[in-house]
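Novice: Take a look at this one; I'll ask things after.
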């Protein structure tokens with residue numbers, strides 16, 4: 003029987019939402035001198051390594067704000083430029099994709115609280131920086 007109700011639901015890879023400003027700011031490597039450049043380096047690292055320790059495919063979204071708003075996407079990393087607060091955009095993304103597994107990468111305690119209330123998992127910057 004070819005009934006749409008009998009079809010298996012589509013499988014979505016884990017959605018990894020990266021708090022760009024928080025992850026970049028987690029290491030004192032001079033990022034403050036070139037915020038856009040630091041966000042581009044993070045984007046490129048994410049594109050190259052994905053989510054370390056995870057063999058399954060993931061969908062990575064890097065949320066940028068402020069001086070890093072002009073960072074462009076690359077294959078493997080979607081870039082979302084927050085029109086205002088990066089944290090608010092991350093919460094919106096977590097809410098918009100509530101039908102799938104989500105992992106938010108941030109060390110921001112308030113943001114962690116907000117997204118876990120939406121059912122997302124959280125991990126700190128080391129999850130992507132090693």
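Numbering (our numbering), first residue to last: 3 to 132.
Think of the CB as a built atom: it goes at the ideal place given N, C-alpha and C, for glycine as much as any other residue.
In three-state terms, what does DSSP make of residue 38?
Specialist: In the chain shown, the residue the question calls residue 38 occupies position 36. If DSSP states are grouped into helix, strand and coil, residue 38 belongs with the helices.
Novice: Please work out which residues of its chain come closer than 7 Å, Cβ to Cβ, to residue 97, disregarding the five sequence neighbours upstream and downstream, and give them in chain order.
Specialist: Counted from its first residue, the chain shown places residue 97 at position 95. Excluding sequence neighbours, residue 97 sits near 120.
Novice: Which full runs of the alpha helix (DSSP H) of 4+ residues lie inside the segment 50-104, going along the chain?
Specialist: Whole alpha helix (DSSP H) segments, 4+ residues: 88-98.
Novice: Going along the chain, which residues of its own chain have a beta-carbon closer than 7 Å to the beta-carbon of residue 14, five neighbours each way excluded?
Specialist: Here the question's residue 14 lines up with position 12 in the chain shown. Counting only Cβ-Cβ distances below 7 Å, and skipping sequence neighbours, we find 102.
Novice: Please work out which residues of its chain come closer than 8 Å, Cβ to Cβ, to residue 66, disregarding the five sequence neighbours upstream and downstream, and give them in chain order.
Specialist: Residue mapping note: residue 66 aligns to position 64 of the chain shown, counting from 1. Taken in chain order, the residues that qualify are 22, 23, 41, 73, 81, 82, 83, 84, 88.
Novice: Name the DSSP beta bridge partners of residue 16, please?
Specialist: As a first step, residue 16 must be located in the chain shown, where it is residue number 14. Note: residue 16 sits in a beta bridge opposite 60.
Novice: Apart from the five residues just before and just after residue 45, which ones in its own chain have a Cβ nearer than 7 Å to its Cβ?
Specialist: Taking the chain shown and counting its residues from 1, the one referred to as residue 45 is at position 43. These residues qualify, in order along the chain: 64, 73, 76, 79, 81.
Novice: Please go through the same chain and pick out, in chain order, the residues whose beta-carbon is closer than 8 Å to the beta-carbon of residue 69, but skip the five residues on each side of it.
Specialist: The sequence position of residue 69 within the chain shown is 67, counting from 1. For residue 69, where only same-chain residues beyond five positions count, the Cβ hits under 8 Å are 37, 38.
Novice: So within the segment 104-129, which uninterrupted alpha helix (DSSP H) runs reach at least 4 residues, ignoring any that extend past its ends?
Specialist: Counting only runs of 4 or more, we get 111-118.
Novice: Buried or exposed, going by whether 16 or more other CB atoms sit within 10 Å of the CB of residue 128?
Specialist: Mapped onto the chain shown, residue 128 falls at position 126. Residue 128 should be labelled exposed.
Novice: So, helix, strand or coil for residue 21, using DSSP?
Specialist: As a first step, residue 21 is located in the chain shown; it is residue number 19 there, counting from the start. Residue state, collapsed to three classes: strand.
Novice: Taking DSSP as the reference, what is the three-state secondary structure of residue 46?
Specialist: For the purposes of this step, residue 46 is taken as the residue at position 44 of the chain shown. Residue 46: helix per DSSP, three-state reduction.
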